[in-house]
Amino acid sequence: MAARSDLPQGTLDLLILKVVALGPVHGYAIAQRLQQVSRDVVQVPQGSLYPALHRLENRGVLTSEWNETETGREAKFYRLTRKGWAQLETEAASWRRLSEAIGLILRMSEGGAE
Amino acid sequence: MNWWNRLSHRKQMDEQLEKELSFHIEEHSSDLIAQGYDPDEARRRARLDLGGPEQVKEECRDQRGTRWFDDLLQDFRYALRMLRKNPGFATVALITLALGTGATTVMFTVVNGVLLKPLSYPDPERLVALHGKVEQFGEPWGFSYPDFLDYQSEGQAVGPMAAWTYGGGTISEAAKAEYVEGRQVSSELFSVLGVPLVRGRAFLRDEDRRGAAPVAIISYSLWQRVYGGRPETIGRSITLDGKSYTIVGIAPANFQLDGEADVFTPIGQNIERRMQNRRACFIHVLARLAPGLTLTQVQTELSLIATRMAKEYPDADADRGIVTHPLQQDLVGDTRPTLLLLLGAVSVVLLIACVNVASLLLARAVSRERELALRVALGASRGRLIRQCLTESGVLGLAGGVLGILLAVAGLRPFLAKWPGGLPRAEDVQLDWRVLLFALGISLLCGFLFGLAPALRAPSDQLEQSLRGGMHTVAGSSRRLHSGFVIAEIGLAVVVLVSAGMLGRTVLRLAALNPGVRVENVLTAQMALSPAALKDPVKTRAAWQDVQDRARSVPGVQSVALADIVPMRVGENSLTYWATPAQPPPDQTPVALASTVTPDYLNVMGIPLRHGRFFNDDDRIGHPLVVVVDEVLAQHAFGREDAVGKPLWIPAISNDPVQIVGVVGHVRHWGLAGDDRSRVRDQIYYPFAQVPDSLLHLFSSFMKITVYTNVPPLNLVKSLEQKLRGVGNDQVLYEVRTMEQLVSDSLSTQRFLLLLFGVFAGLALLLACIGIYGVLAYLTTQRFPEIGVRMALGASARNVMWLVLRQSLVMIFVGVGVGTIAALAAGRVLERLVEGMQKIELSSFAVMIPVLVIAAVSASFVPARRASRLDPMSTLRQE
Chain A
699 MAARSDLPQG
709 TLDLLILKVV
719 ALGPVHGYAI
729 AQRLQQVSRD
739 VVQVPQGSLY
749 PALHRLENRG
759 VLTSEWNETE
769 TGREAKFYRL
779 TRKGWAQLET
789 EAASWRRLSE
799 AIGLILRMSE
809 GGAE
Chain B
3 MNWWNRLSHR
13 KQMDEQLEKE
23 LSFHIEEHSS
33 DLIAQGYDPD
43 EARRRARLDL
53 GGPEQVKEEC
63 RDQRGTRWFD
73 DLLQDFRYAL
83 RMLRKNPGFA
93 TVALITLALG
103 TGATTVMFTV
113 VNGVLLKPLS
123 YPDPERLVAL
133 HGKVEQFGEP
143 WGFSYPDFLD
153 YQSEGQAVGP
163 MAAWTYGGGT
173 ISEAAKAEYV
183 EGRQVSSELF
193 SVLGVPLVRG
203 RAFLRDEDRR
213 GAAPVAIISY
223 SLWQRVYGGR
233 PETIGRSITL
243 DGKSYTIVGI
253 APANFQLDGE
263 ADVFTPIGQN
273 IERRMQNRRA
283 CFIHVLARLA
293 PGLTLTQVQT
303 ELSLIATRMA
313 KEYPDADADR
323 GIVTHPLQQD
333 LVGDTRPTLL
343 LLLGAVSVVL
353 LIACVNVASL
363 LLARAVSRER
373 ELALRVALGA
383 SRGRLIRQCL
393 TESGVLGLAG
403 GVLGILLAVA
413 GLRPFLAKWP
423 GGLPRAEDVQ
433 LDWRVLLFAL
443 GISLLCGFLF
453 GLAPALRAPS
463 DQLEQSLRGG
473 MHTVAGSSRR
483 LHSGFVIAEI
493 GLAVVVLVSA
503 GMLGRTVLRL
513 AALNPGVRVE
523 NVLTAQMALS
533 PAALKDPVKT
543 RAAWQDVQDR
553 ARSVPGVQSV
563 ALADIVPMRV
573 GENSLTYWAT
583 PAQPPPDQTP
593 VALASTVTPD
603 YLNVMGIPLR
613 HGRFFNDDDR
623 IGHPLVVVVD
633 EVLAQHAFGR
643 EDAVGKPLWI
653 PAISNDPVQI
663 VGVVGHVRHW
673 GLAGDDRSRV
683 RDQIYYPFAQ
693 VPDSLLHLFS
703 SFMKITVYTN
713 VPPLNLVKSL
723 EQKLRGVGND
733 QVLYEVRTME
743 QLVSDSLSTQ
753 RFLLLLFGVF
763 AGLALLLACI
773 GIYGVLAYLT
783 TQRFPEIGVR
793 MALGASARNV
803 MWLVLRQSLV
813 MIFVGVGVGT
823 IAALAAGRVL
833 ERLVEGMQKI
843 ELSSFAVMIP
853 VLVIAAVSAS
863 FVPARRASRL
873 DPMSTLRQE
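Each protein sequence line maps, in turn, to chains A and B.
Numbering-wise, the first sequence is residues 699 to 812 according to the numbering used here.
Numbering-wise, the second sequence is residues 3 to 881 according to the numbering used here.
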């Protein structure tokens with residue numbers, strides 16, 4: 699089994715938004731997808747997934763609908779609102795900036811002054 | 003979804019949450035089964051991965067932000083259940099609170115209506131009352147009409163001013179002649195007050211002068227009563243004292259100018275001599291301040307005018323200042339201290355009620371310690387427990403408050419009816435949203451106050467100890483808190499009891515004072531002569547003689563006299579006088595109460611003649627002017643010398659000195675309570691027969707008839723009324739009072755306060771006893787195991803009783819000590835606010851405190867006895 703990492707603080711919301719952005723999706727699928735895409739590196743704490751979903755929904759970032767799955771069962775599908783798209787964009791941008799900056803700092807200590 | 007939707011769809015949302023999570027678990031477990039797990043194991047793992055569905059559900063619910071409301075609802079239901087489980091406790095607590103908040107709400111309603119609510123005129127804060135002020139006269143004084151006109155024209159910067167004075171007379175529009183109250187008003191009055199007339203118009207400036215066509219405005223009620231509310235009443239005429247006036251307007255319903263009046267006439271049309279006299283100060287003045295002016299600026303402006311007037315008319319205005327009050331303050335007058343005093347007293351009772359309920363709740367909280375500890379052990383936070391306790395006491399407080407409001411609604415009108423002498427602005431006293439807000443506010447505050455102590459005891463640590471110890475330990479802090487409650491209750495009760503005691507002593511002492519006049523079998527009444535008789539002085543004198551003769555002919559009447567003022571504040575007329583040829587400087591000129599009477603006055607009123615003679619039929623116009631003085635004046639003016647035969651200078655009666663022919667006893671004119679403190683105590687009597695012709699018409703409107711009877715005086719009212727109607731059947735007797743009523747009315751404020759304080763004191767005593775009983779019963783129950791051990795070791799019943807009583811005696815005596823200090827302070831307040839109040843004396847304490855101590859000790863006897871009859875074996879076995 700590959701080494702698992704805990705999620706850095708505040709990133710769960712961003713990951714959820716990104717997954718939901720790909721199309722209406724239910725809670726279990728979100729958990730699955732996060733795990734698969736991150737090649738099992740990201741351990742999604744399932745216990746905090748649902749509270750996070752409900753929080754985002756209450757904030758108006760997500761909206762939900764009850765629909766049938768391919769297997770014909772009823773499930774709650776989440777979708778981004780306009781506000782959600784905006785939030786995804788700003789949060790993704792700020793994450794990219796931050797990780798780039800952190801990468802730069804890490805490279806500096808490896809390669810010395812350029 | 004907004005907060006409100008989330009709140010109202012809680013149930014639906016919970017179902018959906020349940021469905022969402024079970025979907026997750028099923029999907030996950032079917033995936034696991036596909037991977038080769040056996041179904042039960044797959045299900046278990048799926049649940050485990052999710053982290054326990056119930057916890058997740060709780061966390062999801064927390065995200066909704068409606069959590070606190072759910073808790074509140076839950077606590078609320080729990081509180082109701084607890085109350086229902088303890089009906090005895092609930093009843094005592096609710097009754098206590100209902101009485102406390104009910105009484106406080108009634109008092110606040112009155113304070114709100116009388117003191118807080120603005121007057122019902124537009125921009126009421128700009129309305130002021132102006133008074134002349136002369137140092138020696140003490141109380142604020144009116145204006146003379148010429149002075150008013152000068153102030154009005156010179157003080158235009160201040161704002162428009164209006165004048166009014168009393169009037170009234172006999173109208174003959176109705177089936178029989180009827181006396182109606184009237185007011186003479188200047189043309190600006192209605193516009194200054196901002197009161198629109200219902201119909202017609204106000205007086206014109208042109209009508210407000212001598213010789214203008216006579217016009218009148220009538221009250222709404224007279225319009226309805228006599229004219230049937232017909233619109234064509236405008237333009238018709240009304241006959242007042244034989245003179246015909248054209249009705250030009252109808253005043254709005256309930257319009258008041260120091261009480262209601264039925265007929266308004268222009269003051270400028272009054273042709274009496276006093277209208278030109280700068281010394282005759284009988285005019286009331288109102289003003290509406292110009293925008294932007296403060297009361298201080300107005301005061302300065304008016305003082306400047308007063309200084310100018312003093313220079314111009316040194317005879318009349320030399321030492322006359324001017325004071326300005328907001329009109330509201332002026333209307334409320336001396337009701338303010340009484341109201342605040344009662345509000346204070348009622349708050350003390352409310353406080354006792356709160357402390358009482360707090361100690362009951364605390365006792366319950368201590369016995370519920372185990373339950374609370376269990377809740378903490380199950381994961382409740384301290385904050386959550388405090389919230390629960392406060393919700394419980396809040397529910398209690400609110401329920402008590404609602405009951406209190408109901409009590410207030412029922413009790414308000416009867417209370418107002420009991421108010422001595424009628425409450426000013428009584429029509430403004432209503433339960434409105436402000437009162438409701440206040441009542442709900444104080445009941446919530448009370449709930450909070452008495453819930454706080456038990457709430458803060460919510461356990462935080464030493465859980466194990468509480469769980470194990472359960473009922474049988476009383477922490478030291480709780481015992482101290484309990485004692486603190488009892489001490490506070492007893493202290494507050496001492497304050498109310500001592501205040502009631504002081505009032506009681508005051509009323510007793512005042513009622514025992516000699517009023518200086520006969521109290522029994524004297525009837526006084528205002529008398530309106532026939533309008534025809536007022537046409538000329540000769541007829542007027544004859545009419546007054548006729549009135550006296552007719553009254554004397556009524557069986558049961560012993561003697562009859564006329565007087566312009568009657569003891570106990572019925573009218574007043576203060577005059578300056580001096581006893582040496584040289585006039586003293588204005589600020590040292592003595593002032594006396596002067597009344598004009600007929601020779602039989604002394605017999606009717608039973609005033610003792612000390613020296614010399616009283617008037618006889620020879621003291622009339624054309625004979626030397628004479629006066630009779632009272633012993634107080636004689637003492638002031640002549641000391642030990644004999645006053646009889648001495649001259650007295652009284653400019654209002656004559657420029658030459660008048661002769662004193664007799665000295666009579668002092669009459670407590672300003673009421674039994676007020677006379678000692680009054681600034682005008684000297685009294686002068688002068689014969690009605692020597693009132694000059696020019697003043698006769700005016701004096702006739704003041705004259706009262708006084709009758710001494712040998713049967714109960716009220717029995718004669720009917721026959722006197724009949725007899726005095728006169729030849730023209732148009733003379734009216736009104737404002738009939740017995741001397742007994744007048745004397746007792748002069749103490750009505752004190753009696754009323756005594757009654758209320760007596761009720762409050764009884765309540766305080768009762769509540770304090772319930773409190774001390776409850777606390778002691780509880781504390782003793784907690785000590786049963788200890789007492790059991792003591793008894794098993796040989797303590798006697800007497801020892802045990804003493805053990806319990808000692809505890810209560812310490813609380814009682816500390817409470818009495820604290821209360822005594824507070825009562826001394828409260829006594830000072832009473833002395834300042836209540837007329838004729840006795841100084842605080844030891845006896846007030848000496849009587850009231852034993853009452854309290856005895857009551858409190860008896861309340862503690864019950865639990866003490868119960869403890870002493872304990873069976874040691876059974877208590878020990880319970881341990």
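Idealized CB from N, CA, C, for every residue including glycine.
Next item on the list: Verify the CB distance criterion: does Gln350 (chain B) have a CB-CB separation below 8 Å to chain A?
Entry: On the second sequence, residue 350 (chain B) is found 348 positions in, with the first residue counted as 1. Position check: residue 350 (chain B) holds Val in this sequence, whereas Gln was assumed. No, because no Cβ of chain A sits closer than 8 Å to the Cβ of Val350 (chain B).
Check: Is Leu34 (chain B) close to chain A, meaning its C-beta is less than 8 Å from at least one C-beta of that chain?
Finding: Here residue 34 (chain B) refers to the residue found at position 32 when the second sequence is read from its first residue. Chain A, which has no Cβ nearer than 8 Å to the Cβ of Leu34 (chain B), makes this no.
Check: Would you say Asp51 (chain B) faces chain A, with C-beta separation under 8 Å as the test?
Finding: To locate residue 51 (chain B), count along the second sequence from 1; it is residue 49. At least one chain A Cβ lies under 8 Å of Asp51 (chain B).
Checklist line | From B:Arg482, B:Leu408, B:Leu392, B:Gly424, residue whose alpha carbon lies closest to that of Leu447 (chain B) | finding: The residue given as residue 447 (chain B) occupies position 445 in the second sequence. The option with the nearest alpha carbon to Leu447 (chain B) is B:Leu392.
Checklist line | Pair within 8 Å by beta-carbon distance, Leu2 (chain B) and Ala365 (chain B) | finding: Outside the shown range of chain B (3 to 881) lies residue 2 (chain B), about which nothing can therefore be said.
Next item on the list: Look at the alpha carbon of Ala592 (chain B) and the alpha carbon of Val831 (chain B), and state the distance between them as a whole number of angstroms.
Entry: The sequence position of residue 592 (chain B) within the second sequence is 590, counting from 1. The sequence position of residue 831 (chain B) within the second sequence is 829, counting from 1. Residue identity check: residue 592 (chain B) is Pro in the sequence provided, not Ala. So the two alpha carbons sit approximately 32 Å from each other.
Margin query: Restricting to Cα atoms, I'd like to know which of B:Arg12, B:Arg47, B:Gly102 is closest to Lys59 (chain B).
Written below: Position 57 of the second sequence, counted from the first residue, corresponds to residue 59 (chain B). When only C-alpha atoms are compared, the closest one is B:Arg12.
Item checked: Inter-stretch contact at 8 Å, needing at least 3 Cβ pairs: the segment 101-116 of chain B / the segment 418-431 of chain B -> The segment 101-116 of chain B, when compared against the segment 418-431 of chain B, does touch it at the 8 Å Cβ threshold.
Note to self: Could you check whether the Cβ of Glu788 (chain B) sits closer than 8 Å to any Cβ belonging to chain A?
What the structure shows: As a position in the second sequence, residue 788 (chain B) is number 786, starting the count at 1. Glu788 (chain B) does not count as touching chain A.
Check: Alpha carbon to alpha carbon, how far is Thr475 (chain B) from Arg86 (chain B)?
Finding: Here residue 475 (chain B) refers to the residue found at position 473 of the second sequence. Here residue 86 (chain B) refers to the residue found at position 84 of the second sequence. Note on Thr475 (chain B): pLDDT 49, under 50, position unreliable in the model; no value is reported.
Check: How big is the Cα-Cα spacing for Ser397 (chain B) and Gly385 (chain B)?
Finding: For the purposes of this step, residue 397 (chain B) is taken as residue 395 along the second sequence, with counting starting at 1. For the purposes of this step, residue 385 (chain B) is taken as residue 383 along the second sequence, with counting starting at 1. Residue 397 (chain B) is actually Val in this sequence, not Ser. Roughly 18 Å separates the two Cα atoms.
Check: Does the beta carbon of Leu9 (chain B) come closer than 8 Å to any beta carbon on chain A?
Finding: For this step, residue 9 (chain B) is matched to residue 7 along the second sequence. No, no contact with chain A.
Next item on the list: For His474 (chain B), decide whether its Cβ has a neighbour in chain A, counting only Cβ atoms nearer than 8 Å.
Entry: Counted from its first residue, the second sequence places residue 474 (chain B) at position 472. In this predicted model, His474 (chain B) has a pLDDT of only 47, less than 50, meaning its place in the structure is not dependable; the value taken from the coordinates is given anyway. Using beta-carbon distances, His474 (chain B) does not count as an interface residue toward chain A, since no partner is under 8 Å.
Note to self: Could you give the first and the last residue of the continuous alpha helix (DSSP H) run that contains Arg227 (chain B)?
What the structure shows: Counting from 1 along the second sequence, the entry for residue 227 (chain B) is found at position 225. 222-229 is the span of the alpha helix (DSSP H), which, as asked, contains Arg227 (chain B).
Next item on the list: Give every residue of the same chain whose Cβ lies closer than 8 Å to the Cβ of Ile489 (chain B), excluding the five residues on either side of it in the sequence, and list them in chain order.
Entry: By one-based count along the second sequence, residue 489 (chain B) stands at place 487. Taken in chain order, the residues that qualify are Met813, Val816, Gly817, Val820.
Notebook entry, point to check: Per DSSP, Lys178 (chain B) is paired with what?
Noted result: If you number the second sequence from 1, residue 178 (chain B) lands on position 176. Answer by DSSP bridge pairing: none, since Lys178 (chain B) is not bridged.
Next item on the list: List the DSSP bridge partners of Ser561 (chain B).
Entry: The sequence position of residue 561 (chain B) within the second sequence is 559, counting from 1. Ser561 (chain B) pairs with B:Tyr710.
Check: Is Val629 (chain B) buried or exposed, if buried means 16 or more other CB atoms sit within 10 Å of its CB?
Finding: As a working note, residue 629 (chain B) is residue 627 in the second sequence. Classification of Val629 (chain B): buried, given that the 10 Å Cβ count is 16 or more.
Next item on the list: Please look up how many angstroms separate the CB atoms of Phe754 (chain B) and Lys420 (chain B), rounded, as I've assumed it's under 8 Å.
Entry: Taking the second sequence and counting its residues from 1, the one referred to as residue 754 (chain B) is at position 752. Taking the second sequence and counting its residues from 1, the one referred to as residue 420 (chain B) is at position 418. Taking C-beta atoms under 8 Å as the contact rule, Phe754 (chain B) and Lys420 (chain B) qualify, at a distance of about 7 Å.
Next item on the list: At 7 Å on the CB atoms, spell out the chain B contacts of Arg753 (chain A), in chain order.
Entry: Counting from one through the first sequence, the residue named residue 753 (chain A) turns up at place 55. Residues of chain B with a Cβ closer than 7 Å to the Cβ of Arg753 (chain A) are, in chain order, Gln65.
Margin query: In the DSSP output, what is Lys245 (chain B) paired with across the bridge?
Written below: Within the second sequence, residue 245 (chain B) is the residue found at index 243, counting from 1. BP columns for Lys245 (chain B) point to B:Leu242.
Item checked: Contact residues within the segment 719-748 of chain A, judged by C-beta distance below 9 Å to chain B -> Those would be His724, Gly725, Tyr726, Ala727, Ala729, Gln730, Pro743, Gln744, Gly745, Ser746, Leu747, Tyr748, in chain order.
Check: Buried or exposed: Val665 (chain B), going by 16 or more other Cβ atoms within 10 Å of its Cβ?
Finding: Your numbering for residue 665 (chain B) matches position 663 in the second sequence. Flag for Val665 (chain B) reads buried.
Notebook entry, point to check: Val709 (chain B) and Val559 (chain B) look like a contact to me (Cβ under 8 Å); what is the Cβ gap, rounded to whole Å?
Noted result: If you number the second sequence from 1, residue 709 (chain B) lands on position 707. If you number the second sequence from 1, residue 559 (chain B) lands on position 557. With a Cβ gap of about 6 Å, Val709 (chain B) and Val559 (chain B) count as contacting.
Check: Nearest to Phe775 (chain A) by alpha carbon, out of A:Asp711, A:Ala727, A:Gly758?
Finding: Residue mapping note: residue 775 (chain A) aligns to position 77 of the first sequence, counting from 1. For the residues A:Asp711, A:Ala727, A:Gly758, the minimum Cα distance to Phe775 (chain A) belongs to A:Ala727.
Note to self: Can you tell me whether Leu206 (chain B) is helix, strand or coil according to DSSP?
What the structure shows: The residue given as residue 206 (chain B) occupies position 204 in the second sequence. In the three-state reduction of the DSSP assignment, Leu206 (chain B) falls in the coil class, being assigned neither a helical nor a strand state.
Check: When the Cα of Gly790 (chain B) is compared with those of B:Val693, B:Glu175, B:Arg868, B:Met84, which residue comes out closest?
Finding: Mapped onto the second sequence, residue 790 (chain B) falls at position 788. Taking Gly790 (chain B) as reference, the option from B:Val693, B:Glu175, B:Arg868, B:Met84 with the minimal CA-CA separation is B:Arg868.
Next item on the list: Please decide whether Lys774 (chain A) counts as near chain B, where near means a Cβ-Cβ distance under 8 Å.
Entry: For the purposes of this step, residue 774 (chain A) is taken as residue 76 along the first sequence, with counting starting at 1. With 8 Å as the cut-off, Lys774 (chain A) counts as an interface residue toward chain B.
Check: According to DSSP, is Ile97 (chain B) helix, strand or coil?
Finding: Taking the first residue of the second sequence as 1, we reach residue 97 (chain B) at position 95. Helix at Ile97 (chain B).
Note to self: To be precise: take each residue of the segment 776-794 of chain A, compare its Cβ to all Cβ atoms of chain B, and keep it if any distance is under 8 Å. Which residues remain?
What the structure shows: Close to chain B, meaning a Cβ-Cβ distance shorter than 8 Å, is no residue of the segment 776-794 of chain A at all.
Checklist line | Sequence-distant residues of its chain with Cβ nearer than 7 Å to Ile567 (chain B) (five each side left out) | finding: As a first step, residue 567 (chain B) must be located in the second sequence, where it is residue number 565. Excluding residues within five positions, the ones whose Cβ falls inside 7 Å are Gly573, Glu574, Asn575, Ser597.
Notebook entry, point to check: Beta carbon of Ile772 (chain B), beta carbon of Val94 (chain B): below 8 Å?
Noted result: Indexing the second sequence from 1 puts residue 772 (chain B) at position 770. Indexing the second sequence from 1 puts residue 94 (chain B) at position 92. Result yes, Cβ atoms of Ile772 (chain B) and Val94 (chain B) sit closer than 8 Å.
Item checked: Cross-chain neighbours of Asn756 (chain A) in chain B, by beta carbon under 8 Å -> Reading the first sequence from its first residue, position 58 is the one you call residue 756 (chain A). Simply Met3, Arg8, Gln65, Arg66, Gly67.
Next item on the list: State yes or no: is the beta carbon of Arg771 (chain A) nearer than 8 Å to at least one beta carbon in chain B?
Entry: Taking the first residue of the first sequence as position 1, residue 771 (chain A) is located at position 73. Taking Cβ atoms only, chain B reaches closer than 8 Å to Arg771 (chain A), which makes this a yes.
Check: Going by Cα to Cα distance, which pick from B:Met607, B:Ile492, B:Thr582, B:Val734 is closest to Ala545 (chain B)?
Finding: As a position in the second sequence, residue 545 (chain B) is number 543, starting the count at 1. Ranking the options by Cα distance to Ala545 (chain B), first place goes to B:Val734.
Next item on the list: Kindly say whether Phe25 (chain B), judged by its beta-carbon, lies nearer than 8 Å to any beta-carbon of chain A.
Entry: Within the second sequence, residue 25 (chain B) is the residue found at index 23, counting from 1. The Cβ of Phe25 (chain B) sits closer than 8 Å to at least one Cβ of chain A.
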